[in-house]
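See structure below.
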Amino acid sequence: MKTTKRAFGDIGEDLAEKFLMKHGFEVVDRNYNKKWGELDIVARETLKKGFKYRFIEVKSVSCENIEMISHETLQKDTRPEEQVHVWKQKRLGKAIQTYIEEKKISHETPWQFDIVAVFIDKTNKKAKIRFVEGVVLG
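Position in the sequence shown (from 1) plus 39 gives the number in my numbering.
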């Protein structure tokens, strides 16, 4: 049975997946899990020549009024993308390398790490998404 936290995270991941597909990405994997880290979403972006893989961490937060959310109004502790700490970044980096090797993706294939922050207003059944691209893993 899923915990409430896991169920909430799944809602955020579903919304992130829809957002990515709407913006032209092909979602190729979800919840790729190894004991040293989990990749929430793996997507591909079509380039002029080939693909770029996008490894995406989804951070979901509950909020009361998404209309009032902007980068300026958020406190540091409420910016979900800032909750991907260095120790988690290292685990994600290892999971990404494992994924690339396991799926036999050429080391020539470009990839990047992104974060999708999902703000969910359960009362009004609305959501706001912030896409942070090209995050450097520590």
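Even glycine gets a Cβ: it sits at the ideal position worked out from N, Cα and C.
- Distance from the CA atom of Val157 to the CA atom of Lys164, rounded to whole angstroms, is 13 Å.
- The residue among Val171, Phe47 and Lys91 with its C-alpha nearest the C-alpha of Val81 is Lys91.
- In this structure, the alpha-carbon of Gly48 lies about 25 Å from that of Ile139.
- Burial state of Gly63 is exposed, judged by a 10 Å Cβ sphere holding fewer than 16 other Cβ atoms.
- Boundaries of the alpha helix (DSSP H) around Thr43: Thr43 to Lys61.
- DSSP, read as helix, strand or coil, puts Lys74 in coil.
- Ile168 is positioned such that its CB atom lies closer than 8 Å to that of Ala55.
- Secondary structure at Ile144: coil, using DSSP grouped into helix, strand and coil.
- It is roughly 31 Å from the alpha-carbon of Lys41 to the alpha-carbon of Val175.
- Taking the Cα positions, Val155 is about 24 Å away from Gly89.
- Minimum Cα-Cα distance from Lys87 among the listed residues Val171, Thr148, Lys161 and Glu172 corresponds to Thr148.
- The DSSP-derived three-state label of Val125 is helix.
- Here Thr137 carries a helix assignment [DSSP, helix/strand/coil].
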